[in-house]
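>
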Amino acid sequence: MSVHSSSLVRVLTLVGVLATFLLPATPADASAPLRTHAASRGKFIGAALATGPLSNETSYRNIAATELSQVTAENAMKWDATEPSQGQFNFSGADAIVNFATQNSQQVHGHTLVWHNQTPGWVQSLSATAMRTAMQNHISQVVGHYASNATVVSWDVVNEVFDDSGNLRTSFWYNTLGESYIADAFRAARAADPDARLCINDYNTEGINAKSTAIYNLVSSLRQQNVPVDCVGFQSHLAIQYGFPSDFQQNLQRFAALGVQVRITELDVRMQLPRDATKDATQATYYRNVVNACLAVTACAGVTIWGFTDKYSWVPDTFSGQGAALIYDENYQQKPSYTAVHDALAGGTTTDPTPPTTPGTPAASNVASSSATLTWTASTDSGGSGLAGYDVFREQGATDQQLGQSTTTSISLTGLSASTQYQVYVRARDGAGNLSANSALATFTTTAGGGGGGGCTAVGTVQSQWGNGYVVQPVAVTNTGTSAITGWTVTFTLPAGHTLSGSWNAAVTVSGQTVTAKNMGYNGNLAPNAGTTFGFQVSRPNGNTQTTSGYTCA
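Numbering (mature numbering (1 follows the signal peptide of the UniProt record, and there is no 0)), first residue to last: -30 to -1, 1 to 524.
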């Protein structure tokens, strides 16, 4: 195919930029900047930058130049900054960010083209036809301004289009244009820059929940319509008082399976003030966990922290009594969270002698002839290496049998013996390999018989739930027979008033309240004792606390 000359120049320039910050770190280079260690892992490490301190503070500029391989303009590329009046464009602030990044061999992620906040009133009052034209023109002008610039490699095309219940946000965009504005925005961005990576970005999507599943389904649908959605951004504005999303990595991988790039776009970890050593340690663990999740997913391009110094964080102005959310303090001193990010990128160079706390007593459910589900309350890790997962053991006296491992606070045990009593306990492990003390024992007895219909079993685990819905993930399907199977069918019944609103890794049909899930082409062949998983989301009436149970497999 032919290549436009400006595109060729841009590609060649970008190769030079990437070569600069992807030079591998040597094994002895343990104290290298964040960007060096990130490059050695094939990732970027970035931050949102503000134009004021970038112009006026030497410490701010020096840290940004030295530590980062990627930058995002905190505000300078938003609509109110770039087109405050219709047709009148101002790129001074955005150009300052891009010029700084170019001088320091960094890539720039454009943020953001279409958002319900920081959009001038003149846009919000337009008619549908005029608003669609204004949106397309804005994208054409802003993206087009940087289309030949090798430094600007990606854009947040649409930002925060869903509410926390997984419904499309009733913004002025949606109210005036309907859902079609999302696809139109992506198509306009692709037309303005055929080479840029185009992203959808949102918050409270780190775990598998109603909102992240809604985005998952939207991205899947748009890509099937050839809408150019190239990546998904997970903002990751976390808080230590709410617990870390244990299925973060699993969720990233779920999106990656759609064929898109994933990236952490706006990471910060706030705390109730004042700071203390315990809070700092927990915050450091959260930062490490996020970086480790990205490192574990090939399609995760990197991590962008929303700022880097507490001196210029948005958190205190938004969350009363909270702050200290970033990796440098107000005086540009590195915090434990910096060390956690550094060591995660460097491969864990700091020794962590502190084991995690003891997990809660496991509770058994969905007990069948050869399987059972265990759940427990989470451990915490204050040693800096981060909570890595859990090991599940059967108490047997001198030598206890390990039944499985999990990165979440639940596990589906398979291959158990029928009509047998099991006493089990859980131990947490951190990134340095330290193990917690044993949890208290849980006891359960498997049922009689040779397993669920036709030589397979299915056990579902409720991953998350909210007022009017829940996600079941995984539904673990296991071949309990003595020969391989080439397909499986799982059936279950939805409680009255519940409706299926999404599914993955299975072909699902619904008749009344009965749901039938059949294998896909890639997960039907199971050897004896082998298994696979699928998942689904259910909507239910507000106030109803029932969840689906009772799975049969054939």
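Every residue, glycine too, gets a C-beta built ideally from N, C-alpha and C. These numbers come from a predicted model, not from an experiment.
(1) Would you call the CB atoms of leucine 46 and alanine 34 closer than 8 Å?
(2) Let me check one thing: in DSSP terms, what residues is asparagine 171 bridge-paired to?
(3) Taking Cβ positions, are alanine 338 and phenylalanine 414 nearer each other than 8 Å?
(4) Do you know offhand how far alanine 155's Cα is from glutamine 106's?
(5) In terms of residue numbering, what span does the alpha helix (DSSP H) encompassing phenylalanine 142 cover?
(6) Got a sec? Which residues, its chain only, sit under 6 Å from alanine 254 by beta carbon, not counting five neighbours each side?
(7) By how many angstroms is the C-alpha of alanine 159 removed from the C-alpha of alanine 454?
(8) Helix, strand or coil for threonine 415, going by three-state DSSP, please let me know.
(9) What distance in whole Å lies between the Cβ atoms of glycine 203 and asparagine 171, which are believed to be in contact at a cut-off of 8 Å?
(10) Quick check on DSSP: helix, strand or coil for asparagine 32?
(11) Please list the segments of the beta strand (DSSP E) lying wholly inside the segment 52 to 111, counting only runs of 3 or more residues, in order along the chain.
(12) Taking DSSP's pairing of strands, which residues face methionine 241 in a bridge?
(13) Restricting to Cα atoms, I'd like to know which of Ser380, Leu265 and Ala294 is closest to valine 232.
(14) Quick one: residues in its chain with C-beta nearer than 6 Å to the C-beta of leucine 373, no 5 flanking neighbours on either side, listed in chain order?
(15) If I'm right that leucine 168 touches proline 198 with Cβ under 8 Å, what's the distance once you round it to whole angstroms?
(16) Is threonine 288 helix, strand or coil by DSSP?
(17) Is the segment 509 to 517 touching the segment 479 to 491 in the sense that three or more CB pairs, one from each, lie closer than 8 Å?
(18) Look up tryptophan 474 in the DSSP assignment and say whether it is helix, strand or coil.
(19) When you compare each of Ser97, Leu344, Asp400 and Asn493 to threonine 431 by their alpha carbons, which one comes out closest?
(20) Could you give the DSSP three-state label for residue 525: helix, strand or coil?
(21) Kindly indicate which residue of Gly367, Ser380 and Ser471 has the alpha-carbon position closest to the one of tyrosine 360.
(22) Tell me which residue opens and which closes the beta strand (DSSP E) that alanine 428 is part of.
(23) Isoleucine 275 by DSSP, collapsed to three states: which one?
(24) Look up residue 563 in the DSSP assignment and say whether it is helix, strand or coil.
(25) Along the chain, where does the beta strand (DSSP E) containing lysine 488 start, and where does it finish?
(26) Answer with buried or exposed for asparagine 259, where buried requires no fewer than 16 other C-beta atoms within 10 angstroms of its C-beta.
(27) Hey, how far is the Cα of serine -29 from the Cα of leucine 296?
(28) In terms of residue numbering, what span does the alpha helix (DSSP H) encompassing serine 25 cover?
(29) Using only the alpha-carbon positions, how far apart do threonine 248 and glycine 293 sit?
(30) With distances taken from CA atoms, which of Arg240, Pro332, Val261 and Ala251 is nearest glutamine 219?
(31) Between the segment 207 to 214 and the segment 465 to 472, do at least 3 Cβ pairs fall closer than 8 Å?
(32) Which residue or residues does DSSP assign as beta-bridge partners of glycine 494?
(33) Would you say arginine 5 and serine 39 are within 8 Å of each other, going by their C-beta atoms?
(34) Tell me the DSSP secondary structure of phenylalanine 462 in three-state form.
(35) Can you tell me where the beta strand (DSSP E) with glutamine 304 in it begins and where it stops?
(36) Can the beta-carbon of phenylalanine 225 be found closer than 8 Å to that of tyrosine 186?
Per the coordinate set shown:
(1) First, the residue type needs correcting, since residue 46 is alanine and not leucine in the sequence shown. No. Outside cutoff.
(2) Asn129 and Gly203
(3) no
(4) 7 Å
(5) 142 to 147
(6) Pro306, Ser307, Ala310 and Gly354
(7) 49 Å
(8) strand
(9) 4 Å
(10) helix
(11) 77 to 80
(12) Gly293
(13) Leu265
(14) Val362, Arg364 and Leu383
(15) 6 Å
(16) helix
(17) no
(18) strand
(19) Leu344
(20) What is shown of the chain runs -30 to 524, which leaves residue 525 out entirely.
(21) Ser380
(22) 426 to 436
(23) strand
(24) In the structure displayed, the chain extends from -30 to 524; residue 563 sits before or after that span and is not available.
(25) 484 to 488
(26) buried
(27) Reliability of the predicted coordinates at serine -29 is poor, the pLDDT of 33 falling under 50, and no value is obtained from them.
(28) 21 to 26
(29) 15 Å
(30) Val261
(31) no
(32) DSSP output for glycine 494 lists no bridge partner at all.
(33) yes
(34) strand
(35) Segment: none, glutamine 304 is in no beta strand (DSSP E) and carries neither H nor E.
(36) yes
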